[in-house]
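Notes to accompany the following structure.
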Amino acid sequence: ETGVTQTPRHLVMGMTNKKSLKCEQHLGHNAMYWYKQSAKKPLELMFVYSLEERVENNSVPSRFSPECPNSSHLFLHLHTLQPEDSALYLCASSQEVQDTQYFGPGTRLTVL
Amino acid sequence: GENVEQHPSTLSVQEGDSAVIKCTYSDSASNYFPWYKQELGKGPQLIIDIRSNVGEKKDQRIAVTLNKTAKHFSLHITETQPEDSAVYFCAASSGGTSYGKLTFGQGTILTVHP
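Here the protein sequences line up with chains A and B, keeping their order. The working numbering puts the first residue of the first sequence at 200, with every later residue one more than the last. The working numbering puts the first residue of the second sequence at 2, with every later residue one more than the last.
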């Protein structure tokens, strides 16, 4: 295991639901990331946090709202999603933003 | 921005053979090139990485080479085993103000036949 955990591992939600994805890292890292992995597409960076401050928002729709309450936890709040948002959402962490990134197992999201 | 192309998209080899996956990148400022392995139901796991001040790096059966002039880097796996079967991703990062942004290739599905 990499020391990065994600819950839930699987999530099915309707377009009107509100849900949250959780990521926790046990590595003492200062940077955390959200990625989206869709079928037949490269991993897409969504958000970067460094010391709980968002330093990158990669043109992500506002229906995705990140939250980083401390350097060990990262959330992705979801509301009024679209079916095309169905994907594997991966969390990663690194010591600092320029360092090697370690990924969690992901949350498989299905939007009906 | 950075663009990373990865080839081939699928690779099938016999156990014991070598496998080579190649990536090209567009941003000459890129200076960090990791390779990740992703098994079914798991997140990507770092298997080897290289920085631009090094031309080659080896770790047991895995090696990575970097040609900065041509802007390409390759993953070499020797003596392949069935457990090497997975999806492999290359990535590039230019550091600086890009806040650790990794740009990933499209992935290579490697299948090692016993």
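A virtual CB, placed ideally from N, CA and C, is assigned to each residue, including glycine.
Closer than 8 Å at the C-beta level to chain B, one finds these residues of the region 293-309 of chain A: S293, E295, V296, Q297, D298, T299, Q300, Y301, F302, G303, P304, G305.
Rounded to whole angstroms, the gap between the alpha carbons of P265/A and V254/A is 12 Å.
Minimum Cα-Cα distance from H272/A among the listed residues P260/A, A286/A, V247/A, K235/A corresponds to V247/A. Distance check between L311/A and each of N216/A, R208/A, G305/A, N229/A places N216/A closest, using alpha-carbon atoms only. About 14 Å separates the beta carbons of F274/A and V203/A, which is beyond the 8 Å limit, so they are not a contact pair. Closest option to V65/B, judged by alpha-carbon separation, among Q15/B, N4/B, Y89/B: Y89/B. The beta carbon of S94/B sits closer than 6 Å to the beta carbons of Y33, L103 from its chain, once the five residues preceding and following it are set aside; these are given in chain order. Check the Cα spacing between S261/A and each of M245/A, E251/A, E252/A, K240/A: the tightest is with M245/A. Straight-line measurement puts the Cα of T299/A at about 17 Å from the Cα of K59/B.
In the displayed model, P83/B falls within a helix according to three-state DSSP.
M214/A: not part of any beta strand (DSSP E); DSSP gives it neither H nor E. Linking E57/B to N68/B through their CA atoms gives a straight-line distance of about 9 Å. Chain B places no beta carbon closer than 9 Å to that of E251/A, leaving this residue out of the contacts.
The region 3-52 of chain B contains, as complete beta strand (DSSP E) runs of 3+ residues, the segments 5-8, 11-15, 20-26, 33-39, 46-52 (chain order).
Using a Cβ-Cβ cut-off of 7 Å, P83/B is close to nothing in chain A; its nearest Cβ partner there is about 22 Å away.
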